[in-house]
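Peer 1: One structure coming up, written as structure tokens, with questions to follow.
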Amino acid sequence: MCFACSPFAGALGAALSRRAVLKHTIAGVAFAGTARAAPAFLCTEAQAATEIVDTLYVGGPIVTINDSQPTAEAVLVRGGKIVAVGARAEVESQATGPIATVDLMGKTMLPGFVDPHGHVVMVGLQALAANLLPAPDGEGNSIPALQRVLRDWIATKSEVIKRYGVIVGFGYDDSQLEEQRHPTRADLDAVSSDTPILIVHQSGHLGVLNSKALEEAGLAKGTPNPPGGAFRREADGETPNGVCEEAAFFTAAGKLLGRLDAQAYLEMIKAGAAFYASFGYTTVQEGRAMPGSATMLAKAGEAGLLDVDVVVYPDIFQSLNEIAPSREYRNRVRIGGAKATIDGSPQGKTAFLSQPYYKPPEGKDADYRGYAAITKEQIVDAVDLAFANGWQILTHANGDAAVDWLIEAVGAATAKHGSGDRRAVLVHGQTARLDQLPKLQELTILPSFFPMHTYYWGDWHRSSVLGPERAERISPCNSARELGMIFTSHHDAPVANPDAIRVLSATVTRVTRSGYVLGPEERVDTLTALKAMTIWPAVQYFEEASKGTIEPGKLADFVILSDNPLAVKPEALITLKVVETIKEGKSVYRAA
Numbered sequence: 001m002c003f004a005c006s007p008f009a010g011a012l013g014a015a016l017s018r019r020a021v022l023k024h025t026i027a028g029v030a031f032a033g034t035a036r037a038a039p040a041f042l043c044t045e046a047q048a049a050t051e052i053v054d055t056l057y058v059g060g061p062i063v064t065i066n067d068s069q070p071t072a073e074a075v076l077v078r079g080g081k082i083v084a085v086g087a088r089a090e091v092e093s094q095a096t097g098p099i100a101t102v103d104l105m106g107k108t109m110l111p112g113f114v115d116p117h118g119h120v121v122m123v124g125l126q127a128l129a130a131n132l133l134p135a136p137d138g139e140g141n142s143i144p145a146l147q148r149v150l151r152d153w154i155a156t157k158s159e160v161i162k163r164y165g166v167i168v169g170f171g172y173d174d175s176q177l178e179e180q181r182h183p184t185r186a187d188l189d190a191v192s193s194d195t196p197i198l199i200v201h202q203s204g205h206l207g208v209l210n211s212k213a214l215e216e217a218g219l220a221k222g223t224p225n226p227p228g229g230a231f232r233r234e235a236d237g238e239t240p241n242g243v244c245e246e247a248a249f250f251t252a253a254g255k256l257l258g259r260l261d262a263q264a265y266l267e268m269i270k271a272g273a274a275f276y277a278s279f280g281y282t283t284v285q286e287g288r289a290m291p292g293s294a295t296m297l298a299k300a301g302e303a304g305l306l307d308v309d310v311v312v313y314p315d316i317f318q319s320l321n322e323i324a325p326s327r328e329y330r331n332r333v334r335i336g337g338a339k340a341t342i343d344g345s346p347q348g349k350t351a352f353l354s355q356p357y358y359k360p361p362e363g364k365d366a367d368y369r370g371y372a373a374i375t376k377e378q379i380v381d382a383v384d385l386a387f388a389n390g391w392q393i394l395t396h397a398n399g400d401a402a403v404d405w406l407i408e409a410v411g412a413a414t415a416k417h418g419s420g421d422r423r424a425v426l427v428h429g430q431t432a433r434l435d436q437l438p439k440l441q442e443l444t445i446l447p448s449f450f451p452m453h454t455y456y457w458g459d460w461h462r463s464s465v466l467g468p469e470r471a472e473r474i475s476p477c478n479s480a481r482e483l484g485m486i487f488t489s490h491h492d493a494p495v496a497n498p499d500a501i502r503v504l505s506a507t508v509t510r511v512t513r514s515g516y517v518l519g520p521e522e523r524v525d526t527l528t529a530l531k532a533m534t535i536w537p538a539v540q541y542f543e544e545a546s547k548g549t550i551e552p553g554k555l556a557d558f559v560i561l562s563d564n565p566l567a568v569k570p571e572a573l574i575t576l577k578v579v580e581t582i583k584e585g586k587s588v589y590r591a592a
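Under the UniProt record's numbering, residues 1 to 592 are what the sequence shown spells out, in order.
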């Protein structure tokens, strides 16, 4: 996902003893001292000011993701950190003041989910735009349906359109449309020919503009394709049909969405972070911050708009002066390192492959393999710069040819600067070949895979993108584990909703929309999948000492689920619900 960061881009009861147990029941679960509910405790001002509140979590399965203590009966929290984990009597004995008890009422508590790759800013834009996603996340299953959704959105958003002068839709997917093609400018002109319309492909690597948007973006007959991008054309071979790929799309979108003011940007950030929290995430990512994005995220933190931690990775080619990594959060924000992007997306057929696409996109030759968005020299130089400065670098590489470039670049930088503990990350690696995994392991490149693809686009990969054989191996999670590698699992929101349960289910089952099991040999067990969403992303972020497991001394970042994922059958994982998200002991989301 590249467009996702493009430029617009405790009170206590007075009469209670020191060992008193206080309870506050909310939504079927007993909570105490949480951030978004008025405490139901009797107290005096003096006690509220002087007493230390300890919170005890009991009454349901507690899955710690800590191999040395996999489960617990109770967890004690103080000051936003975990104090004790284990048997209730033992844990309770470590309290230093009156206890507020959270009765899980049979629900299951785990460490808060850690997002290894996504784009929180553009998740906010997605939340504010017309929802063009296909089922099950929306109604965008045909071009007429897209037009209807856009018209309905326009009818209720007149003030937004007047303020920004553009109609934005997010998430159409040509592979799921009845017509099996991209909409064109003519399709969008039928919705409005007076106001610019911009709709974003679910991959985030393509988009469509209506005629007015093309005009305002300065795109006309004969406009040349930019490096690393393309305008699809009408029958004359010269006139843009509205579909823009990669750099062509990012440039056009930047011109149209550059009208968003600072207040709109802050609203987007707040909405994005809140949306993540609703899926159980307590640490999230801005995975390719363009110029100004890091500054706006810092302002959002200063304004108290963030309930979760945000790790920011500025684009190494466009936001170099904003790369100032720190291991410390300031107002819930820190710069984690740098981001580089080599290619596009497989579902959009812009990923850089070593072998041709199974079915090339319209207008392309049979030997079409996609393309790189940058040169090999650029990625070699980018990785060298990161290693020279001791920065962590995350690199988007979907196609196996792009992965080859990354391996070569990291190999060269390692030979020059030494290995160190940089934890370079391969983002996506959708079509990484099995022969590439040992090379990644040797260079200590941590793969962050995208197994949700098996659900959303697995059928498309089999029938059109990669063909039956290559499609079986996308996101080779189990092959990596068999080599002893750790990996992380992401959603790349807003490419897909930041749905942690969908991530978990897809990593374990690899079931496609049609019900086909894509690459059963690459499935992993539920505990492994949970590690790829908790402790291993914490390792990716150099935060394993404070996050990722439920252990004494770590932050009290938790998610409460409707059932125990380790106790349900794999096919039932998708039915789990997020009941509560807790960040450093404070509730930041509760299900209605």
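All residues carry an ideal CB built from backbone N, CA and C; glycine is no exception.
Because the structure is a prediction, the values reported are computed rather than measured.
1) Looking at the strands, I want to know which residues DSSP matches up with residue 595.
2) Quick one: what's got a C-beta closer than 7 Å to His-417's C-beta in the same chain, skipping five residues either side?
3) Check each candidate in Gln-263, Ala-529, Gly-169 and Leu-76 and name the one with the smallest Cα separation from Pro-451.
4) Taking Asp-309 as the reference, which of Ala-273, Ser-319 and Leu-150 has the closest Cα?
5) Once DSSP output is grouped into helix, strand and coil, what is the label at Ser-448?
6) For Ala-382, collect the residues of the same chain with a Cβ closer than 6 Å to its Cβ; drop the 5 residues on either side in sequence, then sort them by chain order.
7) In the DSSP assignment, the alpha helix (DSSP H) including Glu-442 goes from what residue to what residue?
8) If contacts are defined as beta-carbon pairs under 8 Å, then Leu-573 and Thr-526 qualify, I think. What distance do you get, rounded to the angstrom?
9) Can you grab the Cα-Cα spacing for the pair Leu-12 / Ala-100, in whole Å?
10) Work out the CA separation of Val-208 and Phe-113 for me, nearest whole Å.
11) Could you check if Leu-426 is buried or exposed, using at least 16 other CB atoms within 10 Å of its CB as the buried criterion?
12) Taking buried to mean at least 16 other C-beta atoms within 10 Å of its own C-beta, is Ala-95 buried or exposed?
13) Please determine if the segment 124-141 and the segment 263-283 are in contact, where contact requires at least 3 C-beta pairs separated by less than 8 Å.
14) Grab the span of the alpha helix (DSSP H) containing Ile-501 for me, first residue to last.
15) So is Thr-55 buried or exposed if we call it buried at 16+ other beta carbons inside 10 Å?
16) So, do the segment 81-91 and the segment 498-512 have three or more beta carbon pairs nearer to each other than 8 Å?
17) Compare the Cα-Cα distances from Glu-234 to each of Ala-372, Gly-228, Cys-244 and Leu-133 and report the closest residue.
18) Leaving aside the five residues before and after Thr-581 along the sequence, list all residues of the same chain whose C-beta is less than 6 Å from its C-beta, in chain order.
19) Can you tell me which of Leu-297, Ala-220 and Thr-488 puts its alpha carbon nearest to the alpha carbon of Asp-236?
20) Ignore the nearest five residues each way along the sequence and tell me which others in Gly-33's own chain have a CB closer than 6 Å to its CB.
21) From this set, Asp-137, Pro-61, Asp-187 and Gly-363, which residue's C-alpha is nearest Leu-104's C-alpha?
22) DSSP three-state label for Asn-241, please.
23) Could you check which residue in Leu-150, Thr-575, Ile-323 and Asp-67 has the C-alpha nearest to that of Ala-294?
24) Run through DSSP, which three-state label would Ile-269 get?
25) Report the rounded CA-to-CA distance for Pro-39 versus Pro-98, giving the unit in angstroms.
26) Please return the same chain residues whose Cβ sits closer than 7 Å to the Cβ of Gln-176, not counting the five positions on each side in sequence.
27) Using CA coordinates, which residue listed in Glu-522, Val-77 and Phe-231 is at the minimum distance from Tyr-57?
28) Am I right that Arg-181 and Leu-214 are in contact with their C-beta atoms under 8 Å? What's the rounded C-beta distance?
29) Out of Lys-531, Leu-406, Glu-521 and Val-495, which one is the CA nearest neighbour of Asn-131?
30) Residues bridged to Asn-331 by DSSP?
31) Of all the options Gly-585, Glu-584 and Leu-576, which has the alpha carbon lying nearest to the alpha carbon of Ala-591?
32) State the DSSP-derived secondary structure class of Phe-387, mapped to helix, strand or coil.
33) State the Cα-Cα distance for the pair Ala-217 and Pro-136, rounded to the nearest angstrom.
34) Roughly how many whole angstroms lie between the Cα atoms of Phe-249 and Lys-376?
35) So, helix, strand or coil for Glu-139, using DSSP?
36) So His-461 packs on Pro-314, CB below 8 Å; how close in whole Å?
Peer 2: Let me lay it out:
1) Examination of residue 595 is not possible in this model, given that the chain is present from 1 through 592 alone.
2) On the sequence shown, residue 417 is found 417 positions in, with the first residue counted as 1. Excluding positions up to five away in sequence, the list reads Phe-387 and Ala-388.
3) In the sequence shown, counting from the first residue as 1, residue 451 sits at position 451. With distances taken between Cα atoms, Pro-451 lies closest to Ala-529.
4) Sequence index remark: in the sequence shown, residue 309 carries index 309 (1-based). Closest option to Asp-309, Cα to Cα, is Ala-273.
5) Here residue 448 is taken as the residue at index 448 of the sequence shown, counted from 1. Ser-448 falls in the strand class under three-state DSSP.
6) The residue labelled residue 382 in the question sits at position 382 within the sequence shown. Around Ala-382: Ile-316 and Ala-340.
7) One-based indexing of the sequence shown puts residue 442 at position 442. Looking at the DSSP string, the run of the alpha helix (DSSP H) that includes Glu-442 is 437-442.
8) Locating residue 573 in the sequence shown gives position 573, where the first residue counts as 1. Locating residue 526 in the sequence shown gives position 526, where the first residue counts as 1. That belief holds up - the Cβ atoms of Leu-573 and Thr-526 are roughly 7 Å apart, short of 8 Å.
9) On the sequence shown, position 12 is the one that residue 12 refers to. On the sequence shown, position 100 is the one that residue 100 refers to. Because Leu-12 sits at a pLDDT of 23, beneath the cut-off of 50, its placement in the model cannot be relied upon, and the following sentence gives the value as read from the coordinates. Approximately 8 Å, taken between the alpha carbons.
10) Mapped onto the sequence shown, residue 113 falls at position 113. Mapped onto the sequence shown, residue 208 falls at position 208. Computed Cα separation, rounded: 34 Å.
11) Counting from one through the sequence shown, the residue named residue 426 turns up at place 426. The residue is buried, with at least 16 neighbouring Cβ atoms inside 10 Å.
12) Here residue 95 corresponds to residue number 95 of the sequence shown, with the count starting at 1. Ala-95 is buried by the Cβ-count criterion.
13) yes
14) By one-based count along the sequence shown, residue 501 stands at place 501. Segment 500-509, the alpha helix (DSSP H) holding Ile-501.
15) As a first step, residue 55 must be located in the sequence shown, where it is residue number 55. Buried, by the Cβ-count rule.
16) no
17) If you number the sequence shown from 1, residue 234 lands on position 234. When only C-alpha atoms are compared, the closest one is Cys-244.
18) Here residue 581 is taken as the residue at index 581 of the sequence shown, counted from 1. Result list for Thr-581: Ala-277, Gly-280, Val-559, Val-588 and Tyr-589, in chain order.
19) Here residue 236 is taken as the residue at index 236 of the sequence shown, counted from 1. It is Ala-220 whose Cα lies nearest to the Cα of Asp-236.
20) One-based indexing of the sequence shown puts residue 33 at position 33. Only weak support is given to the placement of Gly-33: the predicted model assigns it a pLDDT of 31, under 50, and the question is left unresolved by the model.
21) What you label residue 104 is simply residue 104 of the sequence shown in a count that begins at 1. Among Asp-137, Pro-61, Asp-187 and Gly-363, the Cα nearest to that of Leu-104 belongs to Pro-61.
22) Here the question's residue 241 lines up with position 241 in the sequence shown. Note: Asn-241 maps to strand in three-state DSSP.
23) As a working note, residue 294 is residue 294 in the sequence shown. The shortest Cα separation from Ala-294 among Leu-150, Thr-575, Ile-323 and Asp-67 belongs to Ile-323.
24) Against the sequence shown, residue 269 aligns to sequence position 269. The answer is helix: DSSP assigns Ile-269 an H, G or I state.
25) The residue given as residue 39 occupies position 39 in the sequence shown. The residue given as residue 98 occupies position 98 in the sequence shown. Only weak support is given to the placement of Pro-39: the predicted model assigns it a pLDDT of 32, under 50, and the question is left unresolved by the model.
26) Position 176 of the sequence shown holds residue 176. Cβ neighbours of Gln-176 beyond the five flanking positions: Pro-134 and Asn-141.
27) Within the sequence shown, residue 57 is the residue found at index 57, counting from 1. Nearest C-alpha to Tyr-57: Val-77.
28) As a first step, residue 181 must be located in the sequence shown, where it is residue number 181. As a first step, residue 214 must be located in the sequence shown, where it is residue number 214. Actually they do not touch by this definition, with Cβ atoms about 18 Å apart.
29) The count along the sequence shown starts at 1 and reaches residue 131 at position 131. Considering only alpha carbons, the answer is Val-495.
30) As a position in the sequence shown, residue 331 is number 331, starting the count at 1. None, per the DSSP bridge assignment.
31) If you number the sequence shown from 1, residue 591 lands on position 591. For Ala-591, the nearest C-alpha among the options comes from Leu-576.
32) The sequence position of residue 387 within the sequence shown is 387, counting from 1. If DSSP states are grouped into helix, strand and coil, Phe-387 belongs with the helices.
33) The count along the sequence shown starts at 1 and reaches residue 217 at position 217. The count along the sequence shown starts at 1 and reaches residue 136 at position 136. If I take the Cα positions, the gap works out to 33 Å.
34) On the sequence shown, position 249 is the one that residue 249 refers to. On the sequence shown, position 376 is the one that residue 376 refers to. Their backbone Cα atoms lie some 22 Å apart in a straight line.
35) Position 139 of the sequence shown, counting from 1, holds the residue named residue 139. Three-state DSSP puts Glu-139 in coil, outside helix and strand.
36) In the sequence shown, the residue the question calls residue 461 occupies position 461. In the sequence shown, the residue the question calls residue 314 occupies position 314. About 31 Å; that fails the 8 Å criterion.
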